[in-house]
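K.L.:
Residue numbers (my numbering): 29 to 269.
The structure is given below, and queries will be raised subsequently.
Right, here's the structure in full:
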């Protein structure tokens, strides 16, 4: 699929970390822009955004990261009790731009949630195990790439580079043994930083995966000329799940 478009309108950056509900209000706004109508009737309460159609997004207590770090939990169907299937992801409001952080989540992990809710390949790709971009042994729902940096051309170049690198397919043997959920496993791909100080990371179900991250670093992705970061997200389900 084409890479996810970035929104032009931005809120003014803030030096302070927003409260959970303030950040979720930005997530709600971004979701509505990205998928009009999806937040109809959704309510902000406590530390969650809940929809009458059954999905919810919550902010979990932070277990890593700095002050503008948000750990999000997506629950596509809260009616599946008592063990509600969910997946996790985290975003950082770089330079204090919380709206951009909300957009980054919505257009990657959020896109995968939207695709679970309405599986028509409008928000993310469905890839079978034998697809050239698929993960052997798993059904994949894969978002596009979202970039955030100081130069639009560099954003687009690294977006294309990350997609062309076909990361999850190429390093699948480093992390698939650690996919434990019988429903869906969230896998984040992140690459970014400054020239000479780039960081590659794979997170599996919210946790840094050392072996997969090292394998991704070995793919020799290009460095940007200025600070740039790019990310994508995938949900991997067992075959028949």
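Beta carbons are placed, not taken as given, at the ideal position from N, Cα and C, and that holds for glycine.
For the alpha helix (DSSP H) that contains residue 138, what are its first and last residues?
P.N.:
Against the chain shown, residue 138 aligns to sequence position 110. Segment 137-145, the alpha helix (DSSP H) holding residue 138.
K.L.:
How is residue 31 classed by DSSP in three states: helix, strand or coil?
P.N.:
What you label residue 31 is simply residue 3 of the chain shown in a count that begins at 1. Caution is warranted here: a pLDDT of 31 is assigned to residue 31, below 50, making its placement in the model unreliable, and no coordinate value can be reported.
K.L.:
If you measure between the beta carbons of residue 82 and residue 106, is that distance less than 9 Å?
P.N.:
If you number the chain shown from 1, residue 82 lands on position 54. If you number the chain shown from 1, residue 106 lands on position 78. Yes, the Cβ-Cβ distance between residue 82 and residue 106 is below 9 Å.
K.L.:
Inspect the CB distances between the segment 224-241 and the segment 121-137 and report whether three or more fall short of 8 Å.
P.N.:
As far as the Cβ criterion goes, the segment 224-241 does not touch the segment 121-137, which means the pair count is below three.
K.L.:
Compute the Euclidean distance between the alpha carbons of residue 157 and residue 202, then round it to the nearest angstrom.
P.N.:
As a working mapping, residue 157 is identified with position 129 in the chain shown. As a working mapping, residue 202 is identified with position 174 in the chain shown. Cα to Cα, residue 157 sits roughly 16 Å from residue 202.
K.L.:
Could you tell me the alpha carbon to alpha carbon distance between residue 219 and residue 166, rounded to whole angstroms?
P.N.:
Locating residue 219 in the chain shown gives position 191, where the first residue counts as 1. Locating residue 166 in the chain shown gives position 138, where the first residue counts as 1. If I take the Cα positions, the gap works out to 23 Å.
K.L.:
Where does residue 235 sit, in a helix, a strand or coil, going by DSSP?
P.N.:
Looking up residue 235 in the chain shown gives position 207. Residue state, collapsed to three classes: strand.
K.L.:
Would you grab the beta carbon distance between residue 102 and residue 54 for me? Rounded to a whole angstrom, and I think it's under 8 Å.
P.N.:
Within the chain shown, residue 102 is the residue found at index 74, counting from 1. Within the chain shown, residue 54 is the residue found at index 26, counting from 1. With 8 Å as the limit, residue 102 and residue 54 do not qualify as a contact, their Cβ atoms being about 15 Å apart.
K.L.:
Can you tell me whether residue 259 is helix, strand or coil according to DSSP?
P.N.:
Here residue 259 refers to the residue found at position 231 when the chain shown is read from its first residue. Strand at residue 259.
K.L.:
Which of helix, strand or coil does DSSP assign to residue 197?
P.N.:
The sequence position of residue 197 within the chain shown is 169, counting from 1. Correct three-state label for residue 197: helix.
K.L.:
Could you say which of 182, 199 and 216 lies nearest to residue 171 if we only look at CA atoms?
P.N.:
Residue 171 sits at position 143 when you count from the first residue of the chain shown. Out of 182, 199 and 216, 216 has the C-alpha closest to the C-alpha of residue 171.
K.L.:
Suppose contacts are defined by Cβ-Cβ distances below 9 Å. Is residue 265 in contact with residue 149 by that definition?
P.N.:
For this step, residue 265 is matched to residue 237 along the chain shown. For this step, residue 149 is matched to residue 121 along the chain shown. Going by C-beta atoms, residue 265 is not nearer than 9 Å to residue 149.
K.L.:
Could you give the distance in angstroms between the alpha-carbon of residue 124 and the alpha-carbon of residue 46?
P.N.:
Position 96 of the chain shown, counted from the start, is the residue given in the question as residue 124. Position 18 of the chain shown, counted from the start, is the residue given in the question as residue 46. C-alpha separation (whole angstroms): 10 Å.
K.L.:
Cα separation between residue 261 and residue 63?
P.N.:
In the chain shown, residue 261 corresponds to position 233, counting from 1. In the chain shown, residue 63 corresponds to position 35, counting from 1. Each residue's alpha carbon lies about 18 Å from the other.
K.L.:
Between 210, 223, 60 and 197, which has its C-alpha nearest residue 113's C-alpha?
P.N.:
Working through the chain shown from its first residue, we reach residue 113 at position 85. Among 210, 223, 60 and 197, the Cα nearest to that of residue 113 is on 210.
K.L.:
For residue 146, tell me which candidate among 186, 66 and 115 has the shortest Cα-Cα distance.
P.N.:
Counted from its first residue, the chain shown places residue 146 at position 118. Nearest of 186, 66 and 115 to residue 146, Cα basis: 66.
K.L.:
Nearest-angstrom Cα distance between residue 76 and residue 118?
P.N.:
Within the chain shown, the letter at position 48 stands for residue 76. Within the chain shown, the letter at position 90 stands for residue 118. Using only the alpha carbons, I get a separation of about 15 Å.
K.L.:
Can you list, in chain order, the residues of its chain with a C-beta nearer than 7 Å to that of residue 193? Leave out the 5 residues immediately preceding and following it.
P.N.:
Locating residue 193 in the chain shown gives position 165, where the first residue counts as 1. Counting only Cβ-Cβ distances below 7 Å, and skipping sequence neighbours, we find 247 and 249.
K.L.:
Kindly indicate which three-state DSSP category residue 111 falls into: helix, strand or coil?
P.N.:
Translated into positions along the chain shown, residue 111 becomes position 83. Three-state DSSP puts residue 111 in coil, outside helix and strand.
K.L.:
According to DSSP, what are the bridge partners of residue 209?
P.N.:
For the purposes of this step, residue 209 is identified with residue 181 of the chain shown, where counting begins at 1. DSSP lists no partner for residue 209.
K.L.:
Helix, strand or coil: how does DSSP classify residue 61 here?
P.N.:
As a first step, residue 61 must be located in the chain shown, where it is residue number 33. Residue 61 falls in the helix class under three-state DSSP.
K.L.:
Where does residue 67 fall in DSSP's three states?
P.N.:
The residue given as residue 67 occupies position 39 in the chain shown. If DSSP states are grouped into helix, strand and coil, residue 67 belongs with coil.
K.L.:
Could you tell me whether the Cβ atoms of residue 232 and residue 214 are closer together than 9 Å?
P.N.:
Indexing the chain shown from 1 puts residue 232 at position 204. Indexing the chain shown from 1 puts residue 214 at position 186. Yes; because the gap between Cβ atoms is below 9 Å, this pair is in contact.
K.L.:
What are the partner residues of residue 226, as DSSP defines its beta bridges?
P.N.:
By one-based count along the chain shown, residue 226 stands at place 198. BP columns for residue 226 point to 221.
K.L.:
Less than 8 Å between C-beta atoms, sequence neighbours within five positions excluded: which residues of the same chain meet that for residue 251?
P.N.:
As a position in the chain shown, residue 251 is number 223, starting the count at 1. Answer for residue 251: 223, 224 and 226, listed in chain order.
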